[in-house]
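Have a look at the structure below before the remarks.
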Amino acid sequence: MAKPHDIDLMEHADGERDHADRLRDPAAREKVEAIGELSELVRGHLELSADAVPPARFEQIWDAIDKSIASTPAKSAGVWSRIAGWFERHRGHVITGVVSAGAVAALALVLRGPSSETTTTSSGHGSPTVLPVAYRPTEIESLETPGADSTVFNLQDEDGPATVIWVTPEDTVEGI
Amino acid sequence: MSGRFWLALAVVLASAAPAFADDKADCDYLEISASTGKDPAMDSELKPLEKKLKKPPFSSWNVFHTLASGHVTLQKLKSDALKLKSGQAALLLRERAEKRLELTIQIDNADGKRVIDNKQSVNTGEWLVFGQNVGDNGHILALTCR
Chain A
1 MAKPHDIDLM
11 EHADGERDHA
21 DRLRDPAARE
31 KVEAIGELSE
41 LVRGHLELSA
51 DAVPPARFEQ
61 IWDAIDKSIA
71 STPAKSAGVW
81 SRIAGWFERH
91 RGHVITGVVS
101 AGAVAALALV
111 LRGPSSETTT
121 TSSGHGSPTV
131 LPVAYRPTEI
141 ESLETPGADS
151 TVFNLQDEDG
161 PATVIWVTPE
171 DTVEGI
Chain B
1001 MSGRFWLALA
1011 VVLASAAPAF
1021 ADDKADCDYL
1031 EISASTGKDP
1041 AMDSELKPLE
1051 KKLKKPPFSS
1061 WNVFHTLASG
1071 HVTLQKLKSD
1081 ALKLKSGQAA
1091 LLLRERAEKR
1101 LELTIQIDNA
1111 DGKRVIDNKQ
1121 SVNTGEWLVF
1131 GQNVGDNGHI
1141 LALTCR
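Going line by line, the protein sequences match chains A and B. Using the working numbering, the letters of the first sequence correspond one by one to residues 1 to 176. Using the working numbering, the letters of the second sequence correspond one by one to residues 1001 to 1146.
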């Protein structure tokens, strides 16, 4: 039988893996027992140390941890990162066309607005009748944004659709 | 020829005439600054865009002020400049149908550098919004033409 490695014995002592078959070796068995004793000693020492800390001190420690967790995202989430994050999340699947810097006017991007729009007519009582109306989306025939990237998307709400072209300077993207 | 022929010809000619023989488009524009402040604020002039400015990515800011606004009547194939507070913009009506406009929009930043050169075909009355980051703030030009 191959001599067991220390890492296997440590995993066994920690309960991460079962290497009981390797404990036939007396030296290995001694190592595992030694690890167990050492673990007990360390655990006991830490428990005693924890008991020595007054409860009020624990409250302070957890308050400090909670504050650091709560404040960390707010500090790091600047306007740039929020905007960039939004673009990154939507770049692939929303109505988006990304044009490289100085791209030649060759982009013919059809923005996917609503495939149909509806108008509602009502006679004043009963259910309204919904009539579909053909909607022709905005077509970007060409778009040049020298030295910058652009993102094209569509915003839709009750006030109607809007085509948005957002320009992001190349040199600032890398700094996000 | 009979009077009936002339009547029929008049009807045909009338129906064949384009709905928009004047080849004009009336455009309204808003130049907007976007920033972040302690308290949200939005000028009343921006009411038509209020819902859109509260959506991402614009919702990254909460203070929106009108830098400039105006109205311009575009003549077909005649470029018109917009009076902006920061930079310059020019609009060109290339073609128009009853509810469709073909526009060219060129925007230069405050340093005179071309930021956007765009041609698009858009429905009348729809908003076109062009934006760019200026530091942590945003500079937005919104326009709608009929």
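For glycine and all other residues, C-beta sits at the position ideal for the given N, C-alpha and C.
- Neighbourhood of A:E59 in chain B, by CB distance below 7 angstroms: empty, with the nearest CB roughly 31 angstroms away.
- A:A34 is classed as exposed because its beta carbon has fewer than 16 other beta carbons within 10 Å across all chains shown.
- When the beta-carbon positions are compared, B:L1091 and B:D1080 come within less than 7 angstroms of each other.
- Among the residues facing chain A, B:D1108 is not included, as its CB has no counterpart in that chain under 7 angstroms away.
- For B:I1105 against B:V1115, the beta-carbon gap comes to about 11 angstroms, at or over 8 angstroms, which does not count as contact.
- Ranked by Cα distance from A:A162, the first of B:W1127, B:L1141, B:G1131 is B:W1127.
- Your pair B:R1096 and B:D1023 checks out as a contact, with CB atoms roughly 6 angstroms apart and the cut at 8 angstroms.
- Within 10 angstroms of the beta-carbon of B:S1060 lie 16 or more other beta-carbons, which makes it buried.
- Counting along the chain, the unbroken beta strand (DSSP E) around A:E139 starts and ends at 139–144.
- Of all residues in the region 153–165 of chain A, only L155, D157, E158, D159, G160, P161, A162, T163, V164, I165 come within less than 8 angstroms of chain B when Cβ atoms are compared, listed by chain position.
- DSSP, read as helix, strand or coil, puts B:K1047 in helix.
- Of the other Cβ atoms in all chains shown, fewer than 16 fall within 10 Å of the Cβ of A:A64; this residue is therefore exposed.
- Counting the other CB atoms within 10 Å of its CB gives A:L38 a total below 16, which places it among the exposed residues.
- Under the Cβ distance rule, B:K1055 counts among the residues neighbouring chain A, one pair being separated by less than 7 angstroms.
- A:T138 is a Cβ neighbour of B:Q1120, given a cutoff of 7 angstroms.
- Each residue's CA atom was taken as its position, placing B:T1144 and A:W62 some 54 angstroms apart.
- At a cut-off of 7 angstroms between beta-carbon atoms, A:R82 makes contact with chain B.
- The closest CA to that of A:P169, considering only B:G1138, B:R1146, B:A1142, is found on B:G1138.
- Closest by C-alpha distance to A:V32, out of A:G44, A:G160, A:A148, A:R17, is A:R17.
- When Cβ-Cβ separations below 7 angstroms define contact, B:G1131 makes contact with chain A.
- The bridge partners DSSP lists for A:M10 come to none.
- At least 7 angstroms separates the CB of B:T1124 from every CB of chain A.
- If the five residues before and after A:E11 are omitted, its C-beta is found closer than 8 angstroms to the C-beta atoms of R17, H19, all from its own chain and listed in chain order.
- Within 10 angstroms of the beta-carbon of B:G1131 lie 16 or more other beta-carbons, which makes it buried.
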